[in-house]
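Each residue of the sequence shown is one higher than the one before, counting from 726 in our numbering. For every residue, glycine included, the Cβ atom is placed at its ideal position computed from N, Cα and C. Accompanying notes for the structure given below.
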Amino acid sequence: MSMKNILTLVINHHYYRNSRCTDFVIEADTLTAKFMKKNRVVVRYIGNTWKLFTDIDNDSLWIPTEFEDDTILLKFTLSSSDASFYKSLREDNNNDGINCMCNKKDEVAIEGISCTQKECKHWQQNKLLTGCMYWTICLNFKRSLFLTDNYLYKISFNVKDVYWKYIVFHSNEQENIEIIDTDSRTCFIQDQKVEYPNEKRALTFVSEKKMPLSEFDKHNFRLIYKKGSSEKNLIKRLPVATPSGVQFKDSEKKEFVSLIFINT
């Protein structure tokens, strides 16, 4: 039996350190699973890459009656395994932060939302009750080319830009505190004082501009205590914003903020 790679699907998300997104599960629908089993079509996962192989020695394809005359239509569900994943996606006007690219034209499609690349057609996006998301992928092959063509399909998710908001719990003696960017690229503005239960006090600091969410810490924000001309490091490197902390800052402007809680 000789196996040939007929389709490669690569999933990237700019939130991750190397852009390789592995937080997905891909499942075939009932008819597609039956077609794959009868025609010895197999799937292999390699990190963020999903490969479809078929037996090129199989010269008599089993074709379901539901398929049109010259078309092999395979359907898969692409679902996120992370409930907070959708919070990390940039919400663009047309494609909800998704870019698609294929090395062929018109043969492979994802249904629902228009994509930016002309080679791709549409997404179908749904939010589950759990807060997870899933998409339907439709792969349209010409029957005569099923065993000979090779498709490379790339999906890239764009990361959301948000305001970073640090909520810093402090003692009475630590009210004169600031957040400093060691690289002097970002300024944090003290927003307001907040009273929490059990007499907990907090100061809030909001970034002057929106910044992308990121899995790894490429920023160097410090929490310092100032007294006169002297300063003291309270925290040398503050944690970064995460998708789970994202909420609306201004729903009308569709601006978001990520809350980051700090104890000193």
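Mapping the DSSP letters down to three states, classify residue 786 as helix, strand or coil.
coil
Quick check on the burial criterion: 16 or more other C-beta atoms within 10 angstroms. Buried or exposed for residue 779?
buried
Do residue 943 and residue 887 have their beta-carbon atoms positioned less than 8 Å apart in this structure?
no
Excluding the 5 residues flanking residue 686 on each side, which residues of the same chain have their C-beta closer than 8 Å to its C-beta?
The question about residue 686 has no answer, for the chain in this structure spans 726 to 989.
My output table needs one value for residue 733: the three-state DSSP class, helix, strand or coil.
Of the three classes helix, strand and coil, the one that applies to residue 733 here is strand, per DSSP.
Check each candidate in 730, 743 and 895 and name the one with the smallest Cα separation from residue 940.
743
Which residue comes first and which comes last in the beta strand (DSSP E) that contains residue 756?
Per DSSP, residue 756 is not a residue of any beta strand (DSSP E); the alpha helix (DSSP H) it occupies stretches across 755 to 763.
Under the three-state reduction of DSSP, which class applies to residue 989: helix, strand or coil?
coil
With 16 other CB atoms within 10 Å as the buried threshold, where does residue 757 fall?
buried
Does DSSP classify residue 983 as helix, strand or coil?
Correct three-state label for residue 983: strand.
Looking at the strands, I want to know which residues DSSP matches up with residue 990.
With the chain running from 726 to 989 in the structure shown, residue 990 is simply not present.
If you check the beta carbons only, do residue 812 and residue 787 fall under 8 Å apart?
no
Buried or exposed: where does residue 953 fall if 16 or more other Cβ atoms within 10 Å of its Cβ makes it buried?
exposed
Please list the terminal residues of the continuous beta strand (DSSP E) segment that includes residue 975.
971 to 975
Flag this pair as yes or no: are the beta carbons of residue 895 and residue 989 separated by less than 8 Å?
yes
Count Cβ pairs between the segment 902 to 918 and the segment 763 to 774 that sit closer than 8 Å; are there 3 or more?
no
Distance between beta carbons of residue 735 and residue 879, contact taken as under 8 Å
Going by Cβ atoms, the distance from residue 879 to residue 735 rounds to 5 Å, so yes, they are a contact pair.
Would you identify the three-state DSSP class for residue 879, choosing helix, strand or coil?
strand
8 Å Cβ cutoff met for residue 809 and residue 750:
no
Which of helix, strand or coil does DSSP assign to residue 868?
It is helical.
In DSSP terms, what residue 861 is bridged to
802
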